[in-house]
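Structure record follows, encoded as C-alpha cells.
Protein chains in written order, with the numbering used here: chain H, 1 to 164; chain B, 165 to 328.
Take a look at the structure:
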C-alpha cells in the first residue's frame, strides 16, 4: 500500500469514497446530499494537503486531508480528516494513513493536531486516535444527530506534536 | 441601542469593526492581513445570519454572526461570533448582542450553541459566556499564539438551548 499526495487524476476515485462515507451520514457532519463539486472543492481547498492510499491492482481505497485548523494565531495546530472505502476497512488502512499524516504534520511544522468532531459512536476511530496519542479534551453533549441512534455526544481530540 | 439584521448598506461599517478586531490579532484566529473582500465574504457567507448593533447618532458599533456550527447531522448546534468596536466597549454591547443571539438561535430552532475557539486570555468574553450559561467543555493546550503572551490555551464553550 502506498500513500502519496493526490493529483487531479484521483478526483473520481476520491469522490467515490467521499460520496460513500458522507451518504452513510454516521461519521461526518456533512450534508449527505453534498454535490460532487462541493465535496471535491472541500477536499482540495486552498491550503489543504490532500493524500490518497493506493493498493496495487486495486487503486485508491482511502484519502485524507491535512490543513491548519485555524488561521492567524491558530495556524500552528493541524486538523485532519480521513476516509476509507467500505470495501477496504479492517485492514489497517486508517492507521497507516494516520501515521503518515502525523509524520507529514511534523514535517510541515505543525505543533499539535486537533480533531474537532469525533462522533462518540465511532468507537473504532476513537480507539485508533487514542492509540496514536490523542486525548479526548472536550465533549459536546448531543451535538450529532445519528441516523440510527438519535442525538449522541461528540468529542474534541487533541495531541501535541512536540518532542517530549 | 438597536440590534437588527445587517444589510448591504452596513458593509463599510462592519468592515471597519472586523478590520480593527482582526488586526489586533488577540481574540480571533484569523489572518490579521485578511482582505476586506475575504472578511466580508466570511461574515456574510451563505447560511450565515448577520446582525448589527446600532447606536443612535453614532451608527453601527457592533456586529455578530449566527450559523450552524456543522452541516448534516451537526446542523442543530449553532455557532456565533461577536465583534465590538473598540470605541464602544465596556457598555454592555457584547452582552446585549449575545442575549439577542441566544433568542435568535432558539427562534431558528437550534438546540445548542458552541464557541469553538475562546482564547483563554480573553477573560471578559469568558466571564460573559459563563454568565449566560455557557460552560468550558474542552481545553486546547497552547492552541493560540498570542501576539504578546506567546502560546496560550483555547477553550471550547457550549450550552444547551433546550428548556430544562
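For glycine and all other residues, C-beta sits at the position ideal for the given N, C-alpha and C.
Please confirm if residue 144 of chain H has its CB atom under 8 Å from at least one CB of chain B. yes
Neighbour-count burial assignment, residue 262 of chain B, 16 or more Cβ in a 10 Å radius: buried
Which chain B residues are close to residue 42 of chain H, counting only those with a beta carbon under 7 Å from its beta carbon? Those do not exist, as residue 42 of chain H stays about 10 Å from chain B at its closest Cβ, beyond 7 Å.
Assuming residue 313 of chain B and residue 287 of chain B are in contact, meaning their beta carbons sit under 8 Å apart, how far apart are those beta carbons, in whole angstroms? The Cβ separation is near 12 Å, so there is no contact.
Given this structure, state the Cα-to-Cα distance separating residue 54 of chain H from residue 20 of chain H, to the nearest angstrom. 17 Å
Measuring CA to CA, which of B:306, B:320 and B:310 is closest to residue 298 of chain B? B:320
Under the rule that 16 or more other beta-carbon atoms within 10 Å means buried, what is residue 174 of chain B, buried or exposed? buried
If distances are taken between C-alpha atoms only, which option among B:187, B:242, B:296 and B:179 comes closest to residue 206 of chain B? B:179
Does any C-beta atom of chain H lie closer than 8 Å to the C-beta of residue 296 of chain B? no
On a CA-only basis, which of B:212, B:293 and B:250 is nearest residue 188 of chain B? Give me that one, please. B:250
For residue 66 of chain H, which residues from the same chain have a beta carbon less than 7 Å from its beta carbon, with the 5 sequence-adjacent residues on both sides left out? 49, 78, 80, 101, 104 and 105
When DSSP labels each residue in this structure, what does residue 197 of chain B get in the three-state scheme? coil
With a cut-off of 8 Å, does the C-beta of residue 210 of chain B fall near any C-beta of chain H? no
Buried versus exposed, by CB contacts within 10 Å (16 or more), residue 57 of chain H: exposed
Residue 222 of chain B (DSSP reduced to helix, strand or coil): coil
Along the chain, where does the beta strand (DSSP E) containing residue 180 of chain B start, and where does it finish? Per DSSP, residue 180 of chain B belongs to no beta strand (DSSP E); it is in the alpha helix (DSSP H), 175-188.
Going residue by residue through the region 73-103 of chain H, where are the continuous beta strand (DSSP E) segments of at least 3 residues, counting only ones entirely within it? 77-84
Do you know how far the Cα of residue 108 of chain H is from the Cα of residue 291 of chain B? 36 Å
With residue 303 of chain B as the anchor, note down where its beta strand (DSSP E) starts and where it stops. 299-310
Please report the straight-line C-alpha distance between residue 322 of chain B and residue 277 of chain B, rounded to a whole angstrom. 6 Å
Using a cut-off of 9 Å between C-beta atoms, extract the partners of residue 322 of chain B located in chain H. 138, 139, 140, 141 and 143
In terms of residues, what are the limits of the alpha helix (DSSP H) holding residue 127 of chain H? 123-131
For residue 192 of chain B, does the three-state DSSP call read helix, strand or coil? coil
Closer than 8 Å, CB to CB, is residue 193 of chain B near chain H or not? yes
Can you tell me whether residue 33 of chain H is buried or exposed? The criterion is at least 16 other CB atoms within 10 Å of its CB, across all chains shown. exposed
Determine whether the Cβ of residue 39 of chain H lies closer than 8 Å to any Cβ atom of chain C. This model lacks chain C altogether, as its protein chains are H and B.
Counting only the same chain and skipping the five closest in sequence on each side, list residues whose C-beta sits under 8 Å from that of residue 93 of chain H. 1, 53, 61, 62 and 84
I'd like to know whether the C-beta atoms of residue 259 of chain B and residue 215 of chain B end up nearer to each other than 8 Å. no
Just the Cα atoms here: how many angstroms apart are residue 234 of chain B and residue 30 of chain H? 7 Å
Are the C-beta of residue 71 of chain H and some C-beta of chain B separated by less than 8 Å? yes
Could you work out which residue in H:39, H:27, H:139 and H:26 is closest to residue 12 of chain H when comparing CA atoms only? H:39
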